[in-house]
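Protein chains: 2
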Amino acid sequence: MKKLINSPDSVVTDALAGVAAAHPGLAVDIENKVITRAGGPTPGKVGLVSGGGSGHEPLHGGFVGYGMLDAACPGEVFTSPVPDQMLVATRAVNAGAGVLHIVKNYTGDVLNFEMAAELAQDDGIEVVPVVVNDDVAVQDSLYTAGRRGVGATVFVEKIAGALAERGAPIADVAAVAAEVNERSRSFGVALTSCTVPAAGKPTFELGENEIELGIGIHGEPGRHRGPLTPAREVVAVALDAVNSDLPVSGDVLVMVNGMGGTPLIELYVIYNEVHKYITGKGARITRNLVGNYITSLEMQGFSVTVCQLTDALTELWDAAVDTPALRWGR
Amino acid sequence: MKKLINSPDSVVTDALAGVAAAHPGLAVDIENKVITRAGGPTPGKVGLVSGGGSGHEPLHGGFVGYGMLDAACPGEVFTSPVPDQMLVATRAVNAGAGVLHIVKNYTGDVLNFEMAAELAQDDGIEVVPVVVNDDVAVQDSLYTAGRRGVGATVFVEKIAGALAERGAPIADVAAVAAEVNERSRSFGVALTSCTVPAAGKPTFELGENEIELGIGIHGEPGRHRGPLTPAREVVAVALDAVNSDLPVSGDVLVMVNGMGGTPLIELYVIYNEVHKYITGKGARITRNLVGNYITSLEMQGFSVTVCQLTDALTELWDAAVDTPALRWGR
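What follows is the structure, given as structure tokens:
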């Protein structure tokens with residue numbers, strides 16, 4: 442295992458210390474493993490909390506800041522954060538208007554966020570959860586009942602964050618979060634495995650010319666394995682899966698996301714094929730992201746997420762955001 | 442070779458088509474391989490042109506836009522662009538105030554930019570070159586007489602771009618570019634090699650537990666190879682090299698840059714060690730970048746670049762920028 446770390450035991454806390462040192466706009470509670478905005482909660486604003494295993498950076502800590510999340514709870518690598526972390530985060534961002542929990546659909550995450558919500562409600566904090574489950578690859582999976590939550594999480598956090606920043610009530614913020622999830626579909630492809638530091642060996646093995654179609658962000662199995670084919674064919678498999686689940690139409694927001702070990706030049710090759718595919722269906726990509734947004738350590742591969750936009754969602758997408766990983770408009 | 446491409450021959454043009462589709466703020470001349478701002482040259486502004494081999498994305502095309510470059514010329518992977526490309530770019534951005542060529546110190550790049558400058562001067566365009574040579578690892582190298590140009594290129598493009606945006610004359614823009622280069626030092630480390638698509642096999646080989654200290658961005662040899670040690674020791678080797686060349690002091694701008702295949706969680710572990718090292722020298726990191734800015738395809742590893750700031754340079758660093766890879770302030 443070749444990694445730029447001090448030890449497998451300290452990788453999450455060392456990285457959190459790095460986040461704290463790099464981003465003065467964030468407050469990092471290293472002991473409790475909670476990242477919040479440095480300024481504290483915004484009076485009267487709905488608080489947005491997300492979290493999940495580490496190893497998917499910049500998700501979620503990189504999305505804490507103006508116009509997006511109020512707090513993130515990173516677990517150990519590929520391991521759910523614990524309810525106590527989520528409770529600390531929920532209390533920290535509560536400004537009296539309620540707190541939205543944005544939860545990727547993995548059994549541990551869902552259970553722990555439910556427990557944290559109950560504890561917070563005992564404190565008199567209104568908590569509303571939204572579960573993200575956009576991965577069309579498989580119905581159930583390792584760690585998951587139902588579909589996995591993947592790339593749509595970035596869209597949900599951005600768009601719900603923008604609405605919360607405007608002072609909308611929690612019911613509206615939760616509704617737009619659910620709407621973005623319902624309008625989004627994703628599919629991922631792996632060229633290589635990744636190695637969890639504490640495990641010290643690759644999570645799975647792929648042959649020299651083999652790829653996994655429908656990979657999960659923790660290396661969970663997808664639909665099938667096959668030979669590596671040209672980018673346009675790989676993209677067609679991914680987008681056929683997306684399109685057969687929710688036909689691509691109208692104006693769409695697309696993310697071509699690197700899994701952590703994929704060079705940007707390849708992501709642009711993929712984006713070109715995605716653009717041709719979607720244009721060929723008569724739809725129009727009006728907004729896009731190309732880069733590393735929800736990763737799986739050093740895995741090579743990509744995922745594509747398509748969200749059917751409305752004018753209202755486009756406007757919220759365009760609203761100012763100021764986080765380590767997404768920043769525009771101010 | 443596992444890559445998300447259609448073929449080794451088309452990787453650069455396919456990626457350029459992806460850049461064109463993704464970024465409406467850019468104009469991409471795929472035939473000539475030149476990326477400019479979509480709006481054309483800004484009247485009265487000095488034009489900034491950079492370029493170099495592809496495979497280092499987002500450098501340079503991802504830095505074209507308001508407050509930074511006016512044009513970028515991508516060559517084939519790890520291959521200098523040709524003078525004709527640079528001439529097309531220079532003509533395209535000429536607004537009568539002269540054009541700055543920002544050239545990383547590799548023999549092919551330097552010669553080809555010189556030739557392009559002569560041709561442009563025949564057209565009556567004033568061209569001033571600035572050569573970036575910030576890599577302290579080795580004096581001469583494959584492809585290079587003198588030091589290699591690496592991470593400081595990002596700083597030069599940002600800071601000179603900000604001054605040009607304010608309408609400064611070309612002598613001043615060139616002077617600040619040279620000043621940033623003189624105040625900057627870099628050192629890179631590789632954990633793995635990378636594979637140039639046309640070559641089809643890794644550029645070099647490293648043992649299972651071996652790293653290359655002082656690696657170049659094309660996989661050129663560094664100072665020596667050694668065993669992988671904890672992150673804090675690797676960082677100490679890198680920053681001892683930087684510090685013994687130009688002692689770290691005062692306010693500094695630091696970039697912890699991923700080589701393309703390094704997960705962000707590891708870059709934050711590295712940043713934490715860099716922060717401790719520099720603070721321990723009595724200096725202060727007042728601005729930073731952590732992420733993939735000048736890469737080497739899918740190489741795992743990192744580089745660290747330190748620039749000694751002045752108040753004037755800090756102000757130019759903070760000025761608004763709007764490019765695919767760096768965006769703030771508007």
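First to last, the protein sequences are chains A and B.
The first sequence runs 442 to 771 under this note's numbering.
The second sequence runs 442 to 771 under this note's numbering.
All residues carry an ideal CB built from backbone N, CA and C; glycine is no exception.
Note that the coordinates shown come from a computational prediction; the quantities given were computed from them, not determined experimentally.
(message) Measuring alpha carbon to alpha carbon, tell me which residue in V460(A), A605(A), V731(A) and G496(A) is nearest A639(A).
(response) Counting from 1 along the first sequence, the entry for residue 639(A) is found at position 198. Measuring from the Cα of A639(A), the nearest candidate turns out to be G496(A).
(request) Please go through the same chain and pick out, in chain order, the residues whose beta-carbon is closer than 6 Å to the beta-carbon of R728(A), but skip the five residues on each side of it. (result) For the purposes of this step, residue 728(A) is taken as the residue at position 287 of the first sequence. Contacts found: L694 and W758.
(message) Just to confirm, is the Cβ distance from I446(B) to A603(A) under 9 Å?
(response) Counting from 1 along the second sequence, the entry for residue 446(B) is found at position 5. Counting from 1 along the first sequence, the entry for residue 603(A) is found at position 162. Contact: no.
(message) Please list the terminal residues of the continuous alpha helix (DSSP H) segment that includes F554(B).
(response) By one-based count along the second sequence, residue 554(B) stands at place 113. Element bounds for F554(B): T548 to D563.
(request) Indicate whether R626(A) and V577(A) have their beta-carbon atoms separated by less than 9 Å. (result) Sequence index remark: in the first sequence, residue 626(A) carries index 185 (1-based). Sequence index remark: in the first sequence, residue 577(A) carries index 136 (1-based). Cβ distance < 9 Å, so R626(A) and V577(A) count as in contact.
(message) Just to confirm, is the Cβ distance from N546(B) to N574(B) under 9 Å?
(response) Counted from its first residue, the second sequence places residue 546(B) at position 105. Counted from its first residue, the second sequence places residue 574(B) at position 133. It is a contact, given that the beta carbons lie within the stated cut-off.
(message) Whole angstroms are fine: how far does the CA of H665(A) sit from the CA of E651(A)?
(response) Taking the first sequence and counting its residues from 1, one reaches residue 651(A) at position 210. Taking the first sequence and counting its residues from 1, one reaches residue 665(A) at position 224. Using only the alpha carbons, I get a separation of about 10 Å.
(request) Check each candidate in A530(A), G587(A) and E517(A) and name the one with the smallest Cα separation from V551(A). (result) Translated into the one-based positions of the first sequence, residue 551(A) becomes position 110. Comparing Cα positions, the closest option is G587(A).
(message) Whole angstroms are fine: how far does the CA of A463(A) sit from the CA of V697(A)?
(response) Counting from 1 along the first sequence, the entry for residue 697(A) is found at position 256. Counting from 1 along the first sequence, the entry for residue 463(A) is found at position 22. Looking at the two C-alpha atoms, the distance is approximately 26 Å.
(request) Output, in chain order, the set of chain B residues within a Cβ distance shorter than 9 Å of V745(A). (result) Position 304 of the first sequence, counted from the first residue, corresponds to residue 745(A). Within 9 Å Cβ-Cβ: nothing; V745(A) doesn't reach chain B, min ~11 Å.
(request) Consider the Cβ of Y584(A): report whether some Cβ of chain B lies at a distance smaller than 9 Å. (result) Mapped onto the first sequence, residue 584(A) falls at position 143. Output row for Y584(A): interface = no.
(request) Output the residue ranges of the beta strand (DSSP E) runs that lie fully inside the region 628–655 of chain A and measure 3 residues or longer, sorted by chain position. (result) 651–654
(request) State buried or exposed for K642(A), treating a residue as buried only when at least 16 other CB atoms are found within 10 Å of its CB. (result) The residue you call residue 642(A) lines up with position 201 of the first sequence. When all chains shown are included, K642(A) counts as exposed.
(request) Locate the alpha helix (DSSP H) running through G721(A), then write down its first and last residues. (result) Taking the first sequence and counting its residues from 1, one reaches residue 721(A) at position 280. Here the alpha helix (DSSP H) through G721(A) covers L705 to G721.
(message) At the level of alpha carbons, what is the spacing between K717(A) and A558(A)?
(response) Translated into the one-based positions of the first sequence, residue 717(A) becomes position 276. Translated into the one-based positions of the first sequence, residue 558(A) becomes position 117. Between K717(A) and A558(A), the C-alpha separation is close to 43 Å.
(request) My understanding is that D763(B) touches G508(B), with C-beta atoms under 8 Å, so please give their C-beta distance in whole angstroms. (result) Here residue 763(B) refers to the residue found at position 322 of the second sequence. Here residue 508(B) refers to the residue found at position 67 of the second sequence. At roughly 6 Å, the Cβ-Cβ gap stays under 8 Å, so D763(B) and G508(B) are in contact.
(request) Kindly list, in the order they appear in chain B, the residues whose Cβ is closer than 8 Å to that of N698(A). (result) Taking the first residue of the first sequence as 1, we reach residue 698(A) at position 257. Listed along the chain, the chain B residues whose CB falls inside 8 Å of the CB of N698(A) amount to none; the nearest CB is some 12 Å away.
(request) Could you check the C-alpha separation between T670(A) and T746(A) for me, to the nearest Å? (result) Counting from 1 along the first sequence, the entry for residue 670(A) is found at position 229. Counting from 1 along the first sequence, the entry for residue 746(A) is found at position 305. Taking the straight line from one Cα to the other gives about 20 Å.
(message) Can you determine whether any heavy atom of the ligand ATP sits closer than 8 Å to the C-beta of D759(B), and answer yes or no?
(response) For the structure depicted, the ligand ATP is absent and the ligand set is empty, with no information on it obtainable.
(message) For chain A, check one thing: does any of its Cβ atoms lie closer than 9 Å to the Cβ of D455(B)?
(response) Within the second sequence, residue 455(B) is the residue found at index 14, counting from 1. Closer than 9 Å to some Cβ of chain A, the Cβ of D455(B) qualifies, so yes.
(message) Please report the distance separating the alpha-carbon of V614(B) from that of L528(B).
(response) Within the second sequence, the letter at position 173 stands for residue 614(B). Within the second sequence, the letter at position 87 stands for residue 528(B). Near 20 Å, if we compare the C-alpha coordinates of L528(B) and V614(B).
(message) On a Cα-Cα basis, can you pick out the residue from A593(A), E674(A) and M700(A) that is closest to V715(A)?
(response) Numbered from its first residue, the first sequence carries residue 715(A) at position 274. Minimum Cα distance to V715(A) is reached at E674(A).
(request) Look at the alpha carbon of P704(A) and the alpha carbon of G702(B), and state the distance between them as a whole number of angstroms. (result) Taking the first sequence and counting its residues from 1, one reaches residue 704(A) at position 263. Taking the second sequence and counting its residues from 1, one reaches residue 702(B) at position 261. Approximately 7 Å between the Cα atoms of the pair.
(message) Measuring only the C-alpha atoms, how far is V490(B) from E598(B)?
(response) Working through the second sequence from its first residue, we reach residue 490(B) at position 49. Working through the second sequence from its first residue, we reach residue 598(B) at position 157. Distance between the alpha carbons of V490(B) and E598(B): 9 Å.
(request) Say whether the region 735–749 of chain B touches the region 468–477 of chain A, bearing in mind that this needs 3 or more beta-carbon pairs closer than 8 Å, one atom from each stretch. (result) no
(message) Just to confirm my understanding: we take A679(A), look at its own chain, exclude 5 residues before and 5 after, and list those with CB closer than 7 Å. What are they?
(response) In the first sequence, the residue the question calls residue 679(A) occupies position 238. Once the five neighbours on either side are set aside, the close Cβ partners of A679(A) are F628, V630 and V745.
(request) Could you check what DSSP says for P449(B) in three-state terms: helix, strand or coil? (result) Counted from its first residue, the second sequence places residue 449(B) at position 8. In the structure shown, P449(B) sits in a helix (DSSP, three-state: H, G or I).
(request) Taking all protein chains shown into account, decide if T736(A) is buried (16 or more other Cβ within 10 angstroms of its Cβ) or exposed. (result) Sequence index remark: in the first sequence, residue 736(A) carries index 295 (1-based). It is buried - the Cβ of T736(A) has at least 16 other Cβ atoms within 10 Å.
(request) Whole angstroms is fine: what's the gap from E646(B)'s alpha carbon to D525(A)'s? (result) Locating residue 646(B) in the second sequence gives position 205, counting from the first residue. Locating residue 525(A) in the first sequence gives position 84, counting from the first residue. For E646(B) and D525(A), the distance between alpha carbons rounds to 46 Å.
(request) Compare the C-beta of K722(B) against all C-beta atoms of chain A and say whether one is closer than 9 Å. (result) Working through the second sequence from its first residue, we reach residue 722(B) at position 281. Put simply, the CB of K722(B) is far from chain A, with every gap to its CB atoms at 9 Å or more.
(request) With 9 Å as the C-beta to C-beta threshold (strictly closer), list the residues of the region 458–470 of chain A near chain B in chain order. (result) Of all residues in the region 458–470 of chain A, A458, G459, V460, A461, A462, A463 and H464 have a Cβ within less than 9 Å of some Cβ in chain B.
(message) Classify Q749(A): buried if its beta carbon has 16 or more other beta carbons within 10 angstroms, exposed otherwise.
(response) As a working note, residue 749(A) is residue 308 in the first sequence. The residue in question, Q749(A), is buried, as its Cβ has 16 or more Cβ neighbours within 10 Å.
(message) Only counting the same chain, and skipping five residues up and downstream in sequence, which positions put a Cβ closer than 8 Å to that of I471(B)?
(response) As a first step, residue 471(B) must be located in the second sequence, where it is residue number 30. If we look at I471(B) and ignore the five residues flanking it on each side, its Cβ neighbours are T454, L457, A458 and A461.
(request) Would you kindly check if the distance between the Cβ of R725(A) and the Cβ of G770(A) is under 9 Å? (result) The sequence position of residue 770(A) within the first sequence is 329, counting from 1. The sequence position of residue 725(A) within the first sequence is 284, counting from 1. Cβ atoms of G770(A) and R725(A): not closer than 9 Å.
(message) Give me, in chain order, the residues of the same chain whose beta-carbon lies closer than 7 Å to that of N535(B); leave out the 5 immediate sequence neighbours on both sides.
(response) Counted from its first residue, the second sequence places residue 535(B) at position 94. Result list for N535(B): P482, G488 and I566, in chain order.
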